[in-house]
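Residue numbers (our numbering), protein chains in the order written: chain A, 1 to 221; chain W, 1 to 294.
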C-alpha cells in the first residue's frame, strides 16, 4: 500500500500542488472581490442581492473542482497508458482489481483532501463577510461542483485506461453528459434534494475503472 | 519440472489465425529463446504468458497456475521485461528501487546498484532523461533485484547498441546459471541469442518449426551449398529439405539430413552438380535457413 501511494504521489504531486495554489488564488480573488463589493455597495445590499436575486459571489470557483479532477486523473493515469505501462502495474504481486482500487483510492482521497481544504477556506472566509443564513445555501450550491470534480476524476480514469478508442469516444460523450448534471444552471441551493443521489452515483461510477482494467487484461484492442 | 507449460494454444485476431494448437514447455533452470519473424505470434505468446491476453482456446500454466489468474505469490516469482525496456520513467533510479522493493520479500538491491554504478547517471536523474541503453540496465537491474525464479524478457535487445547488448547478455547468463533461474526470452537480434539460450523455439506462421536444445539444433540442422552443373536444371521438392533457396545455379539446401542422404537424393533425382559443400552456420543463418528469407 505504501509503495503504491508513493508512486501515485510522484505522479500527481506537481499537479496537486498546482491546483492547490490555483484554489488558494481563486479563493483569495473571490474574497477580495466580496470585500471590495461590500465596501462599495454596502453589506446589507450585497447580502440582499445574494438572498433575493441569487447573485452567487462564489461563481469563480464553479469549474475549479472539475478541472482539478481532470488534471489529477490525467497526471495519475496518462503515464500508465504511455507504452502500456499499466502492464507493469498489473504485473506487481497484488490482485489486479485491488491495485487499481488502491490507485483510485489514492487519487480520490487526494482530490477529496484538496476539496476539504477549499471548503475550509470557503467557510472560514465566508464567516468574515456573511451570516450563517447565506453560508449554508452557499455550501449546498458548491457541493455538487465538488462532487462533479470527483465524478470527472473517475470518468477520466475510466476513459484513459480503456484500450479501444471507439469506446473511449463513447465514454467521453456519456461522461460529459453525466458530468453536466453537476453544473446545470440552478438557483442557490437548488441541488439540495439531489445531492445524496449525485453522491451515490459518483460512488457507483468510481468502480467503472475496474471494467477498463479488465478489458485491458483480456487483450481488447 | 516445467516452469511454463502451454497447451493447445489457439488464437485469432479477428479472422486472422495467429496459431493453432501450439504447445510448448520450458523446463526449470533453462533459458529458452523464442524466435520468429514479425507477425508469427511472439508478442501474442508473451502477452498470453503474462495474462494480458486471453487465448481463444488452450491455456498456459506458470508454476502450475493458469496465466489468466496468476496469484500474487506466483507473480512474485516472475520477472517481466516489457519490449522496449518500458519502466516508470517519471521516477529516478532511487525512487524506482524504493517503489519496487516494497512489493518483493526477496528483494536484493545489490545487483541493481551494481549495474547502476556502471552507468554514468546521477541518483536524482529521471529515467526519462536516460539513453535507451541506460534504461535497459535499469529495467534489468530491477528484475535481478526482484530475484524471480522465472524471467520473461520480451525483445530485450530492442534499441540497444552492441556494447549494452553484450553487457545485458553476459550479466543475464551468468546470473541465470549461478542462481538456477528460468528464462523465456524473445529478441529480434538472433546473434545475441546464441550466447544466451539453452533451448530454441522457432515459430513460423501458425506453427512451430523447431523446439530443441540449441546445441543439438546447431549440430543437426545443416546447410549444403550445391552448385548445379547447368543453371536451368529444375530442382525437385523433397521431404529431406526444410527449406531450399536458389540463386541462379547455386542451391542452398537446409536440412536435418546428413551429406550422404542428400547426395543419394541428388543422384536418384538425376541432378548433376559441380560442387557440394556444407556451410557452417550461425544461429541467424540457421534461423533464416529454416524460416526462409521472405
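C-beta atoms are modelled at their ideal positions from N, C-alpha and C, and glycine is treated no differently. These numbers come from a predicted model, not from an experiment.
- Assigned with DSSP and collapsed to three states, residue 65(W) falls in strand.
- Distance from residue 241(W) to residue 274(W) at the Cβ level is roughly 20 Å; contact not present, criterion being Cβ atoms closer than 8 Å.
- Closest in C-alpha terms to residue 277(W), from the list 38(W), 53(W), 269(W), 262(W), comes 262(W).
- The count of Cβ pairs closer than 8 Å, one atom from the region 53-67 of chain W and one from the region 31-39 of chain W, stays below three, leaving the stretches out of contact.
- Annotation: residue 167(A) to residue 175(A) spans about 12 Å, alpha carbon to alpha carbon.
- The beta-bridge partner set that DSSP reports for residue 153(W) consists of 81(W), 185(W).
- Nearest in C-alpha terms to residue 218(W), of all of 203(W), 150(W), 197(W), is 197(W).
- For residue 11(W), the enclosing beta strand (DSSP E) begins and ends at 2-13.
- Residues of the region 92-104 of chain A with a C-beta less than 8 Å from any C-beta of chain W: 92, 93, 94, 95, listed in chain order.
- Shown here, residue 269(W) sits in coil according to DSSP, grouped into three states, outside any helix or strand.
- Residues of chain W whose Cβ lies closer than 9 Å to the Cβ of residue 88(A) are, in chain order, 80, 82, 86, 87, 88.
- Counting along the chain, residue 177(W) sits inside the alpha helix (DSSP H) bounded by residues 162-179.
- Residues of chain A with a Cβ closer than 9 Å to the Cβ of residue 98(W) are, in chain order, 3, 6.
- Taking a cut-off of 8 Å for Cβ pairs, the region 50-65 of chain A and the region 7-14 of chain A do not touch, as fewer than three such pairs fall below it.
- Linking residue 26(A) to residue 118(A) through their CA atoms gives a straight-line distance of about 10 Å.
- The beta carbon of residue 158(W) does not come within 7 Å of any beta carbon belonging to chain A, so the residue lies off that interface.
- A distance below 7 Å between beta-carbons, with the five flanking residues on each side excluded, links residue 125(A) to the following residues of its chain, in chain order: 27, 31.
- In the three-state reduction of the DSSP assignment, residue 76(W) falls in the coil class, being assigned neither a helical nor a strand state.
- Residue 79(A) reaches chain W at 88, 89, 90, counting residues in chain order whose Cβ is nearer than 9 Å.
- Nearest CB-CB separation between residue 10(A) and chain W: below the 7 Å threshold.
- Residue range 16-27 is occupied by the beta strand (DSSP E) that includes residue 19(W).
- Within chain W, no C-beta atom comes less than 7 Å from the C-beta of residue 71(A); the nearest is roughly 16 Å away.
- Residue state for residue 33(W) is assigned as strand, using DSSP reduced to three classes.
- When C-alpha distances from residue 69(A) are compared across 200(A), 219(A), 178(A), 147(A), the shortest belongs to 147(A).
- Using a Cβ distance threshold of 7 Å, residue 65(A) and residue 149(A) count as a contacting pair.
- Contact of residue 168(A) with chain W is not assigned, every C-beta pair being separated by 7 Å or more.
- The criterion of a C-beta distance shorter than 7 Å is satisfied by residue 202(A) and residue 151(A).
- Only exposed fits residue 207(W), as fewer than 16 other CB atoms lie within 10 angstroms of its CB.
- For residue 191(A) against residue 144(A), the beta-carbon gap comes to about 4 Å, under 8 Å, which counts as contact.
- By a beta-carbon distance limit of 8 Å, residue 71(A) contacts residue 15(A). Their separation comes to about 5 Å.
- Under the Cβ criterion (8 Å, minimum of three pairs), the region 45-53 of chain W does not count as touching the region 74-81 of chain A.
- In this structure the region 149-165 of chain W lies against the region 121-141 of chain W, because at least three pairs of beta carbons, one per stretch, are closer than 8 Å.
- Of the candidates 85(W), 148(W), 70(W), 153(W), the residue whose Cα lies closest to the Cα of residue 45(W) is 153(W).
- Per DSSP, residue 255(W) lies in no alpha helix (DSSP H) segment; the continuous beta strand (DSSP E) that holds it begins and ends at 250-255.
- With a cutoff of 7 Å on beta-carbon distance, residue 156(W) and residue 81(W) are scored as near each other.
- The DSSP-derived three-state label of residue 79(A) is helix.
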